[in-house]
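A.B. asks: Dumping the structure here so I can ask a few things about it.
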Amino acid sequence: MASEWAAQVIGINYYPEYTTLKPLTAAAEDAEKIAQQLELYGYRPFRAQCLPRTLNPKGESKIDRQGAVKVQELREAIANLFNPPDPNPTPETALFFFSGHGWCKTVAGKEEVFLATSDVLPDAEIYGIPLSWLGEQLQISQAKRVVVWLDCCYSGELLKFIPTDKDYCLITATRSYETGVEIPHAQGLMTQALLAGLNPENDADGIVNSHKLADFIISRMPNTVQRPLIANSPRAILLTTKFSQKSFQDKCPYRSLSYFKETKEDAEVFYGRSALTGQLIQQVRDKHRLIAVLGASGSGKSSMLRAGLLYQLKLGQEIPGSDRWTYITPFTPKESPVNSLQEAFALSLTDIHTSQITPLNPPLERGETGKSNSLPFTSDALSLSKGGGLGRGDFVHIIGERLKALNTPVILIIDQFEECFTMCDDSQRQEFFDCLRELIDCTDNLYIFIGMRSDFRGRWREYPKFAGRINKPYINIEHLSREEIEEAITKPADWVGLGIEGRLKQQLINDVEDYPGSLPLLQYTLTELWRESRNQGDDVLSLKTYEDLGGVEGTLQKRADAVYESLSPTEKTVARRIFLELTQMGETTDVRRRVRLRELVNSHHSLELLQQVSDKLADKDARLIIKTDEQDSQDVILDVVHEALIRHWQMLREWKEEYKVGIAIERQIEAEAQEWEKNEKKPGFLRKDDRLAVAEAYLTRFGDWQMLNGVAQEYIEKSQQLRNRLEREEKESIKIEAQRKQRNQFVTIFATLSLGLAGLAGYQWWNAQKNAKVAQQQGVIALAQTSEASLLSNKHLEAAVAAVQSGRQLLGRPPQNANLEQTANQQAVVALKRAIYNTQEINRLEGHSDIVRGVAFSPDGKTIASASLDKSVKLWNTATDNLENLIAYSCTRLRPYLQSNPNVSDKHLCDGIDTKSN
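Every number in my numbering is 135 more than the matching position in the sequence shown, counting from 1.
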């Protein structure tokens, strides 16, 4: 059967006086405009015939506005449209439009409605074409789809003759007992609505089918004096589109590295996956609720789910009525998959707003990252999450109830499902899987399709409850066969009238056949071939141009290299950084990673420079990255156009290899910097010792790559400043000690000269006292230095023990000798402070004999109150400004350690120390 779409359009103004019918003024013009609409916007090209007919200079059939139409002429036109005689093919879609007089007459005792022609003779009971005969023609027609629109009186009678074995669209201007209204020289009321409803420019999707047309007419004519009647088959009939075949001329039929979307513009040139698309549609027919589509990167999963499955379901051709189903906007999990799911529902179900739903895992703050930059939900939802709100059970209940109330199947597509494993943490992943499983359990009309890279399939074993709900066997997308590759190459070209050399077609098939995951490269190469053919003024893609471009593998690399080399030296550094930031390095395979443009700003790269370079990389002639505006934000999200670029661009692969060590350190530093910023930039979160040395080694090796973001740069600078300050304090302490020794030597010499004759006994007594003080002083200093050494070795508790021992020796001296040991005193205080403030566990307070059930700070922050099951409440002083308080504070922390560690020799070090901090 031919795939012809045919239309017969009738518009009769001329009714002679003998017919007793009044001539009409707008019927012929109405028919003419219907024919023009079908020719301009027909979903498939309509071959329209007109009556009364005249021919224009091109030989095309046009309406003769003053012409007559005879009964026999109209009868033959209707019969040839719906039931053409052999060997003429029956059209797939047959459309009949009539605008003229209709009347109801009794013939042989039976009431009948007729389509009146120009030659009717009431006296001879010749009234025109009976609707019962038209109904018979519809029933016996071999056409797959029949369309009849009648703009005349009593036309509702047609709905008595609805065909039973084909798709149909019957629309009448009036009810069966009702006359129509003609306003002289104005369009008929029904034709006005019909023309407006057929115009695809008025439709959001750019496609009008019989169901949409019916809805439009009903909404357009709610209170008119004549009431239209409409009968539609469950399966919609496609009528018009703004993406007609003519509109594709001179447009590229290939999609470069982008996936094919669920629009007619993309679906019409999407080929090679019809069998798999049929399998997916069958999954819906079989009422499988959770379906996994697995394939290698570059196998075409995203395109098949959108331009294949989703487009076909929305058309309503494969499953009758599916054009009226509910479709949730396809989404990818990103860093907060539950929030992404909520946002998709909020966008698609207009009566559910994001402010009603609290994110189950509140999105990360701007600048905060897990494994990569977070893309938060909406500001309304975020504010709710901070103040408390709905949990997962509430969310599932709200969405579940809303979906059940729809009374239609609901299709949800989650693409790039591997992001659940590469871009979010375990708790977010588990909550997302639980949410999907619970949504399936609480509804019977939700169908979820998951698109995921096949190399992540094994990860589902970690989540058996979720994996057990997925329908088996999985839908596996294998590499295209030679026939499918040829279809993907030639069919889009045929659609737009583009020629392809036979030698080129065979070479492309040979190059792609044994190259899994090469579909993006094939599409990219074909796009570049089309671009070059247009530049050269050719209508045929040639093998020579293909070879000049470098073949399937070389085309992408050549284009990426050309874009990079067109940049200035400064821009090249920025471009290299952008591509590396958009890459998530894996153990076996590298994947894409999204980042915010503003978060790349640092001391080297201003926002203006980043915008300038990213615009060049995203330009329509480059198309290496994608820029999208972030919702509820002034920021822009960057993403690589396809993972094929990560895998196949040699320059990027070399950068990744050279920066392989640095990228892990960079992202660790940035994560720590974000934690530091989140905690009010407290010194305790800064890098020290070996970790700071690692950061400085990174800067020495990769500093000129300018990769660190602004927060990370400040983080390293503050860490270095802290280190330098501590070193200066240590040097100052040593200098003070040296000065003290010089003073002691001077005092010793002077005393010796003055009291040399005081006697041997006095000298011996003085010398003994001096030696004891020096020994005590040296012991204090030695213990303080031991504390410093332990601290530098990350032995924090050992450092605290040594510092307390140093302080206790000083506290045990008589007060009158205090100024002789000023240096030792200072050393001990410094050691204690460093031991306290540099120890990682700076918040442990001990003293209760049972479990502590509550802790609170005083309003001035100087006192901590703790309540315990030992029936006591203790107050802890946060100030440790003098030596006694420092020792007491340290002993509070050290007592459990002294008693439990067998290697500590002085287990009674803290005996007798009053814990002044409680």
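We put the CB at the ideal spot given by N, CA and C, even for glycine.
(1) Taking its Cβ as the centre, do 16 or more other Cβ atoms sit within 10 Å of Thr723, making it buried, or is it exposed?
(2) Determine whether the beta carbon atoms of Ala847 and Ile804 lie at a separation below 9 Å.
(3) Where do the N-terminal and C-terminal ends of the beta strand (DSSP E) with Val428 fall, by residue?
(4) In whole angstroms, give me the CA-to-CA distance for Lys626 and Arg617.
(5) Return the first residue and the last residue of the alpha helix (DSSP H) that Leu348 is part of.
(6) Please state whether DSSP places Ala540 in a helix, a strand or coil.
(7) What whole-angstrom Cβ distance do Leu759 and Val776 have, given they're in contact under 8 Å?
(8) Between the alpha carbons of Arg188 and Thr578, how many angstroms are there, rounded?
(9) Over the uninterrupted beta strand (DSSP E) stretch that includes Asn148, give me the two end residues.
(10) Would Lys813 be called buried (16 or more neighbouring beta carbons within 10 Å of its own) or exposed?
(11) Three Cβ pairs or more, each shorter than 8 Å: is that satisfied between the stretch 261–277 and the stretch 295–310?
(12) Between which two residues does the beta strand (DSSP E) holding Trp284 run?
(13) Just the C-alpha distance for Pro608 and Arg858, rounded to the nearest angstrom, thanks.
(14) Quick one: Cα of Lys377 to Cα of Ile261, how far?
(15) Can you give the Cα-Cα distance for Arg594 and Cys555, rounded to whole angstroms?
(16) Identify whether Leu156 lies in helix, strand or coil by the three-state DSSP scheme.
(17) Measure the beta-carbon distance from Ile635 to Ile624 and round it to whole angstroms, keeping in mind my assumption that it falls under 8 Å.
(18) Report the option in Leu684, Lys679, Lys240, Leu333 whose CA atom is closest to the CA atom of Leu168.
(19) On the three-state DSSP scale, how would you describe Phe395?
(20) Could you tell me whether the Cβ atoms of Gly685 and Lys693 are closer together than 9 Å?
(21) Over the uninterrupted beta strand (DSSP E) stretch that includes Gly586, give me the two end residues.
(22) Taking C-beta to C-beta, are Cys304 and Asn223 nearer than 9 Å?
(23) May I ask you to list the residues that DSSP assigns as paired with Trp238?
(24) Could you give the residue range of the beta strand (DSSP E) that holds Val775?
(25) Mind listing, in chain order, the continuous alpha helix (DSSP H) runs of no fewer than 4 residues lying wholly within the stretch 635–686?
(26) Since Ala141 sits in a beta bridge, which residues does DSSP pair it with?
(27) Below 8 Å on the Cβ atoms is my guess for Ser234 versus Asp286; work out the distance and round it to an integer in Å.
(28) Mapping DSSP to helix, strand and coil, what is Asp569?
(29) Which residues in the same chain as Arg362 place their Cβ atom closer than 8 Å to its Cβ, once the five residues preceding and following it in sequence are excluded?
(30) Going by DSSP, what residues sit across from Cys304 in a beta bridge?
(31) Buried or exposed for Arg712, please, with buried defined as at least 16 other CB atoms from any protein chain shown within 10 angstroms of its CB.
(32) Please report the distance separating the alpha-carbon of Leu374 from that of Leu293.
(33) Check whether the stretch 557–576 and the stretch 405–421 touch, using three or more Cβ-Cβ pairs below 8 Å as the test.
(34) CB Leu744 to CB Val687, shorter than 9 Å?
(35) Kindly indicate the opening and closing residues of the beta strand (DSSP E) around Asn611.
(36) Have a look at Asn879 and Glu872 and give me their C-alpha separation to the nearest angstrom.
C.D. replies: Short version:
(1) exposed
(2) yes
(3) Segment 425–430, the beta strand (DSSP E) holding Val428.
(4) Take the alpha-carbon of Lys626 and the one of Arg617: they are about 14 Å apart.
(5) 345–355
(6) helix
(7) 6 Å
(8) So the two alpha carbons sit approximately 57 Å from each other.
(9) Segment: none, Asn148 is in no beta strand (DSSP E) and carries neither H nor E.
(10) With fewer than 16 other Cβ atoms inside 10 Å of its own Cβ, Lys813 counts as exposed.
(11) yes
(12) 280–286
(13) 60 Å
(14) 43 Å
(15) 10 Å
(16) coil
(17) 7 Å
(18) Looking at the sequence provided, one finds Lys at residue 168 rather than Leu. The shortest C-alpha separation from Lys168 is found at Leu333.
(19) coil
(20) Yes, the pair counts as a contact, with Cβ atoms nearer than the cut-off.
(21) 581–588
(22) no
(23) Phe249
(24) 771–775
(25) 637–648, 654–670, 678–684
(26) Arg182, Ala229
(27) 4 Å
(28) helix
(29) Thr309, Arg310, Glu313, Met356
(30) Val282, Asn367
(31) Buried, because 16 or more other Cβ atoms sit within 10 Å of the Cβ of Arg712.
(32) 20 Å
(33) no
(34) no
(35) 610–612
(36) 11 Å
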